[in-house]
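Working notes, structure below.
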Amino acid sequence: MSTNNEYYIPHKATWPIVGTGGLMIMLAGFANYLNGSSIGSGMMMLGLSIFIVMLGGWFTLQATESEAGMYNKGVGISYRMGMMWFIFSEIMFFAVFFGTLWYTRNLSVPWLADEITGSTLWPNFEDVWPTNGPGNRGGDYEPMGAFGLPLLNTLLLLSSGVTCTWAHHGLLEKNRDQLIKGLAATVGLGFLFVACQALEYHEAYVDMGLTLGSGIYGSTFFMLTGFHGLHVCIGAIILSVVLFRSWKGHFTPENHFAFEAAAWYWHFVDVVWLGLFIFVYLM
Amino acid sequence: MKKTKLQLVYLTLMMLGLKSVEASDYTLNLMKGVTKTSNDIYDLHMLTLWVCVFIGVAVFGTMFYSIYHHRKSKGHKAEQFHENTTVEIIWTIIPTIILIAMAIPATKLMIEMDDVSESEMSIKVTGWQWKWEYEYLDNGVHFFSSLDEKSNQARKLGSDIDPRTVDHYLLNVDKPLVIPTNTKIRFLFTAADVLHSWWVPDLGWKTDTIPGFINEAWTLVEKAGTYRGQCAELCGKDHGFMPIVVIAMDKPDYELWVKEQKALAQAQLAAADREWTHEELMTKGKSIYTSSCASCHMDDGSGMTGTFPAIAGSSMVTGDIGNEINIVMNGQGMMPAFGSMLSAADFAAVITYTRNSFGNAVGDLVQPSKIKSLQAELVSANDDDDDDD
Amino acid sequence: MSAVASEHEHTDDHHDHGPAKGWMRWIVTTNHKDIGSMYLIFALIMFFVGGTMALIIRAELFEPGMQFVEPQFFNSMTTMHALVMVFGAVMPAFVGFANWMIPMMIGAPDMALPRMNNMSFWMLVAGILMLASTLFMEGGAPASGWTLYPPLVLQTGDALPFAVFSVHLLGISSIMGAINIIATILNMRAPKMSLMQMPLFVWTWLITGFLLIAIMPVFAGAVTMLLTDRFFETSFFDAAGGGDPVLYQHIFWFFGHPEVYVMILPTFGIASTIIPVFARKPLFGYSSMVYATASIAFLSFIVWAHHMFTVGMPISGELFFMYATMIIAVPTGVKIFNWTATMWKGAMTFEAPMLFSIAFVVLFTLGGFTGLMMSIAPVDFQYHDTYFIVAHFHYTLVPASVFILMAGGYFWIPKWTGKMYDERLARLHFWLSAISVNILFFPQHFLGLAGMPRRIPDYATQFSDWNMVSSIGAFIFGFSQLMFVYIVIKTIKGKDCADATDEVWEDAAKHGLEWTLPSPVPYHTFATPPEKIPTEHF
Ligand code: HEA
Ligand code: HEA
Ligand code: CUA
Ligand SMILES: [Cu+2]
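Protein chains in written order, with the numbering used here: chain F, -10 to 272; chain D, 631 to 1019; chain S, 113 to 650.
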């Protein structure tokens, strides 16, 4: 029996091993697929399905336990710490790609064009950005401007941050209507963002000749925006779950870790986008 | 293995201190080398070594004193102190001072090593899997250098050749790099495929060769002699088998050598113009194959499943000769482009050889003169490419 | 799903809940002691797997000439040996100790996030399985060294994507483990225990956890770029597209250098726990130990390029990284001096844990000294990629990390099992290990200085003698470790072993909360936080 001042220790967890198995099958499948094996994509889908079932099951379990009042304040703090450190790890992951962008723009591309390397190996290469490198990788392309879709996307994401906070206020002030509306708007804006990004990619590939293969510019551009887009998707899905739970009447002003976690994640995704907008599109 | 047993006895003696290591070119310590840089490095190495020995003796001495005297079995009673700000400050500051003292000469030396200015000649070094390419930028001498044939035979799994019978086992090449003494030489390093690292301990530094980038380094050798080194960056399966040999010659000898090289290049060009017989091509082809191709495609042309395709029975080799020439000339993926690496005669020979060995029996041949004109096309095409960029 | 239902039932009777029955217990367990045991056993197995690979390396290097394996396979062995030892043996072993000991040391009922704890362990197993599977693939296991440098690594056969994903899985495992440990330490501590009252093992793990969360995503990012360079046409590490192979090295070592401290900081923590007990004195300079650990961790982020002195960095880079690296000697020195001062005027006894700890202090210092020598950039131009470096890092890893793992094992196993291990055999194990490890690695200094490069399957004949010595040492050392397995199994079975008292070591309860518990420790401990905190270390 869990009383309110005792730390809740679950026993026997089956979801972790299911999730591990799913993830492993999925990755092994992906690897096989990359190696050109025919079983690859099937394995990948199987693993992914197991993984999704695991997520559903595990989250349902957590939600039920939480609503049953089994988590005391201490448990809540552990979850919050967990989420914060998880976001920190994500920040480091993005830092790698921002670092790559910085390094290539400011160091390796100039070196490739300097009076030692450049004049010996790449006599006609100039130090400009964007570039697809001295080997003209991927052929001619047009760089992505900042003021079309990207600017729109910035506005979308920024306003979704506002609606998310507005929903939080609703939750704290026991205004469920505001909570649900705010969340719905956030999720909607999030998916709109993804749609715009898809449009942008389409344009890049079809009209501008800009692809992952367009040298270092294409590589950094798609890797950064791509991983960010993936995170927007994940964030929007998490928010959808939170929306669904709010609609079912979950969460109280005191106990709403899931909401907070989703909101933090969303703000993190937001901030990464600002970085992207400045360093990838504007500069 | 009798040899091994003897060796074991010898080792036991050595470990007991009864016998010292004899091999004349072997030391337990860093070698002093033959350049000012390598000597400065040696001095700095000895300085840090002695600093470490000194600190080690102090720390371990204290510790062992305490282990001996402050043991319970001797009835020592434990004291209960556990802090002393003064000593803690002291043992933070003293190491800091020592470190600063070491950093000063290190900084000076580093700056000196970095300065390639005022060099009198330049050599471009390109690392390949698994050989070195040398280009004298001032006089146009240009050649490849790879593991010598004897070592190459002996180093094969199951070769049954005792490496101890091979002269300079694994440290000998077919064609050494020759440099003049008392000349500041600038090296430009790059690589064709993967990372390598050019290292001759006697010269006192190593520098990584990076595909697509140039790294610089310099040397000035005062003493004529032969200096040996090895590739020092993992570069695939034969990383252990791409040695470097540098021969430093006094200036006049060096000039002679350059003349010889130029004559050799002329002779090679001329050789391409005459008609070659099938036999001639096959004999030459065999040696070229062993030195240039066998490291990947294996001596018997069987290749390595998964990485290097077999030559024996390859439809590419037994099919249209133009296709084979094309892939060997221009490379593909991990297969290097040999167009500019082999002379026209060598190239024609190796093509002929692959088509008529390992059970392949196409029966045709290609004349060096044909290859020569193809190579000429290649060069002009490359020039065009550069203009496009 | 039945899983959900059963979870529910159990929450009701969770007070009198012991371990579940049958083998499923181990798969679904959330108990920190169970998971700790699984980590430790897994790590020990991996130590032997990685060690067997090392013995293959040493067998081939016994004599000049190729005797047993093809060069490509040799390179795979070097690569897999390192990856298995680092990610399969040493890191998991420390996580195992963290799982077992941290809740007991800080008076917590369990880890903060028990379900995730289970998942971290199984992700580790999944990652290592995926890595091991590459041994059987077309083109062989990765053979580019554990550093996985491009462009060479891109020549790997089918194994490449598996290697990349195994790094992802191992990364997820480490990050989850680290998050759990940090949350446990910060949130589950007995209310009476302040941060500056925590045992040093807990402190070092708090800092290590931070390092792990900061660096594992970086490694994951780096290998992800390898994957896209190979399969998706990106040009991160390809000059023709504007990228740079050296960029990978910067990213790798930004991960890699803190990574080696991940393997040494918990070592420091265990040493700081053991030495005072057998010196019968409080640890000297507790707070400076904490600050030194933190400084080492901070510095570890700004020294990475000392692995890259020869790649052609601008001179300002060479100098900066040289200075930053040299400074690490200062906080590390503080630790060595503090341990020495802890022994000074104590009343020492020399049971196996203490013997291993003393050997650690001495031999780690040796490894540190060679590290310092290599930090001098111009001189490293001679040392780099030679056996001198192999000697350096094995001194910091084997007679340091691995010895302390042994020490910790002997130190705590009586508490875990309630049985005393065989002290006589353990001392024999120590002496065999301590002597043979030096026969194994000391000659490698000579080899490196004389000019033998690392990662070569065959060598020039003047290197024969010391390679032979080293190989002989390797086999003695390797087989001596079977003694450890024997001693541990004997203790767990417990038939011929004396019962451990609750105190185990003289006055140990003065040194840590774990010694206030009975031996063997019950399945659940500290359901209520302890009232009295041992303050011996002040
Ligand atoms: C646990 C692992 C561990 C630890 C603790 C260390 C500790 C240190 N390492 Fe090591 N290192 C590795 C594991 C480790 N290393 C590995 C695995 C590699 C190779 C990777 C690869 O290429 O595969 C490597 C490689 C490596 C290199 C690259 C060499 C090369 O490739 O060219 C360098 C260069 O600077 C270096 C330096 C140092 C330094 C300065 C320390 C310092 O932390 C040491 C500090 C300690 C002391 C100095 C001793 C005690 C101090 C005193 C008694 C105080 C007084 C002393 C003085 C003032 C001198 N290490
Ligand atoms: C924590 C890390 C760790 C540990 C513990 C070790 C332990 C050992 N290492 Fe390792 N090593 C590395 C990390 C480690 N190493 C790294 C990072 C590299 C660099 C790789 C690279 O260049 O990329 C390396 C490289 C490396 C090399 C250089 C290879 C090369 O450059 O080509 C060598 C050569 O001697 C070596 C030897 C050994 C030996 C003999 C041990 C011994 O301590 C092992 C002891 C042996 C055992 C414990 C085995 C016992 C087995 C039996 C008794 C058989 C019985 C079998 C069963 C019961 C199944 N190692
Ligand atoms: Cu070339 Cu190693
Ligand atoms: Cu390092």
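Where a beta carbon is used, it is the ideal one built from N, C-alpha and C, also for glycine.
Using CA coordinates, which residue listed in the options is at the minimum distance from residue i?
{"i": "ILE526 of chain S", "options": "S:LEU264, S:ASP577, S:ILE604 and S:LEU282", "result": "Just to set this straight, residue 526 of chain S is Pro in the shown sequence, not Ile. When only C-alpha atoms are compared, the closest one is S:ILE604."}
{"i": "VAL796 of chain D", "options": "S:SER631, S:ALA572, S:MET595 and S:GLY606", "result": "S:ALA572"}
{"i": "GLY963 of chain D", "options": "S:HIS280, S:ASN550 and S:LEU264", "result": "S:LEU264"}
{"i": "LEU298 of chain S", "options": "S:VAL372, S:ILE287 and S:MET310", "result": "S:MET310"}
{"i": "SER583 of chain S", "options": "S:ILE139, S:GLY163, S:MET158 and S:ILE293", "result": "S:GLY163"}
{"i": "VAL330 of chain S", "options": "F:VAL221, F:VAL85 and F:LEU201", "result": "F:VAL85"}
{"i": "ILE218 of chain S", "options": "S:ILE291, S:MET158 and S:LYS304", "result": "S:LYS304"}
{"i": "HIS826 of chain D", "options": "D:THR982, D:SER917 and D:VAL755", "result": "D:VAL755"}
{"i": "MET946 of chain D", "options": "D:ASP976, D:THR984 and D:CYS923", "result": "D:THR984"}
{"i": "VAL549 of chain S", "options": "S:ALA562, S:VAL279 and S:HIS506", "result": "S:HIS506"}
{"i": "LYS1023 of chain D", "options": "S:TRP212, S:MET438, S:GLY458 and S:SER576", "result": "Only positions 631 to 1019 of chain D appear in this structure, which leaves residue 1023 of chain D out of reach."}
{"i": "ILE941 of chain D", "options": "D:LYS1002, D:ALA974, D:VAL980 and D:HIS908", "result": "D:VAL980"}
Name the chain D residues whose beta carbon is nearer than 7 angstroms to that of residue i?
{"i": "LEU110 of chain F", "result": "THR820, GLY842 and ILE844"}
{"i": "LEU282 of chain S", "result": "None at all; the shortest Cβ gap to chain D is about 22 angstroms."}
{"i": "ALA238 of chain S", "result": "Those do not exist, as ALA238 of chain S stays about 25 angstroms from chain D at its closest Cβ, beyond 7 angstroms."}
{"i": "TRP100 of chain F", "result": "PHE843"}
{"i": "ILE105 of chain F", "result": "ILE844 and GLU846"}
Which of helix, strand or coil does DSSP assign to residue i?
{"i": "SER789 of chain D", "result": "coil"}
{"i": "GLN860 of chain D", "result": "strand"}
{"i": "VAL651 of chain D", "result": "Residue confidence for VAL651 of chain D is low, a pLDDT of 45 falling below 50, so the modelled location carries little weight and cannot support an answer."}
{"i": "ASP128 of chain S", "result": "Because the pLDDT of ASP128 of chain S is 47, which lies under 50, any placement of that residue in the model is unreliable, and the number read from its coordinates should be weighed accordingly. Three-state result, ASP128 of chain S: helix."}
{"i": "MET965 of chain D", "result": "strand"}
{"i": "GLU275 of chain F", "result": "Any property of residue 275 of chain F remains undetermined from this structure, which presents chain F solely from -10 to 272."}
{"i": "SER999 of chain D", "result": "helix"}
{"i": "VAL64 of chain F", "result": "helix"}
{"i": "SER428 of chain S", "result": "helix"}
{"i": "HIS256 of chain F", "result": "helix"}
{"i": "TRP828 of chain D", "result": "strand"}
{"i": "THR637 of chain S", "result": "coil"}
{"i": "PHE650 of chain S", "result": "Here the model assigns PHE650 of chain S a pLDDT of 49, short of 50, so the residue's position is not dependable and the matter cannot be decided."}
{"i": "SER203 of chain F", "result": "coil"}
{"i": "ILE753 of chain D", "result": "strand"}
{"i": "LYS393 of chain S", "result": "coil"}
{"i": "ARG985 of chain D", "result": "helix"}
Report, in whole angstroms, the separation of the C-beta atoms of residue i and residue j, which I expect to be a contact under 8 angstroms.
{"i": "ARG785 of chain D", "j": "PHE843 of chain D", "result": "In fact, because the Cβ distance is near 31 angstroms, the residues do not count as touching under 8 angstroms."}
{"i": "GLU742 of chain D", "j": "ILE753 of chain D", "result": "Their Cβ separation, rounded to whole angstroms, is 20 angstroms, which puts GLU742 of chain D and ILE753 of chain D out of contact at 8 angstroms."}
{"i": "LEU1008 of chain D", "j": "MET971 of chain D", "result": "Not quite, the Cβ-Cβ distance comes to about 11 angstroms (not below 8 angstroms), so this is no contact."}
{"i": "TRP829 of chain D", "j": "GLY859 of chain D", "result": "5 angstroms"}
{"i": "GLU709 of chain D", "j": "GLY397 of chain S", "result": "Actually they do not touch by this definition, with Cβ atoms about 15 angstroms apart."}
At a CB-CB cut-off below 8 angstroms, which residues of chain F make contact with residue i?
{"i": "MET217 of chain S", "result": "Those within 8 angstroms of MET217 of chain S in chain F number zero; the least Cβ separation is about 17 angstroms."}
Anything in chain S within Cβ reach of residue i, meaning under 8 angstroms, just list it in chain order.
{"i": "MET277 of chain F", "result": "It is not possible to answer for residue 277 of chain F, since the shown part of chain F is limited to -10 through 272."}
So which residues on chain F does residue i lean against when the C-beta distance must stay under 9 angstroms?
{"i": "ASP146 of chain S", "result": "The premise fails here: ASP146 of chain S is roughly 11 angstroms from chain F at the closest Cβ pair, so nothing lies under 9 angstroms."}
Closer than 7 angstroms between beta carbons: that is the criterion. Which residues of the stretch 547 to 562 of chain S meet it against chain D? PHE558, LEU561 and ALA562
Residues from the stretch 456 to 470 of chain S in contact with chain D, defined by Cβ distance under 9 angstroms: TRP456, LYS457, GLY458, ALA459, MET460, THR461, PHE462 and ILE470
Compile a chain-ordered list of the residues in the stretch 731 to 763 of chain D whose CB is closer than 8 angstroms to at least one CB of chain S. MET732, ALA733, ALA736, THR737, LEU739, MET740, ILE741, MET743 and ASP744
Pull out every residue of the stretch 292 to 323 of chain S whose Cβ sits closer than 9 angstroms to any Cβ of chain D, in chain order. none
Residues in the stretch 244 to 263 of chain F with C-beta within 7 angstroms of chain D's C-beta atoms, listed in sequence order? none
Give me the subset of the stretch 345 to 365 of chain S whose CB atoms are less than 8 angstroms from a CB atom of chain F, sorted by chain position. GLU345, THR346, SER347, PHE348, ASP350, ALA351, ALA352, GLY353, GLY354, GLY355, ASP356, VAL358, LEU359, HIS362 and ILE363
Note down, in chain order, all residues in the stretch 862 to 879 of chain D with a beta-carbon under 7 angstroms from any beta-carbon belonging to chain S. ALA862, GLU863, LEU864, CYS865, GLY866, LYS867, ASP868, HIS869 and GLY870
Within 7 angstroms of chain S by C-beta, residues of the stretch 923 to 944 of chain D in sequence order: THR935, GLY936 and THR937
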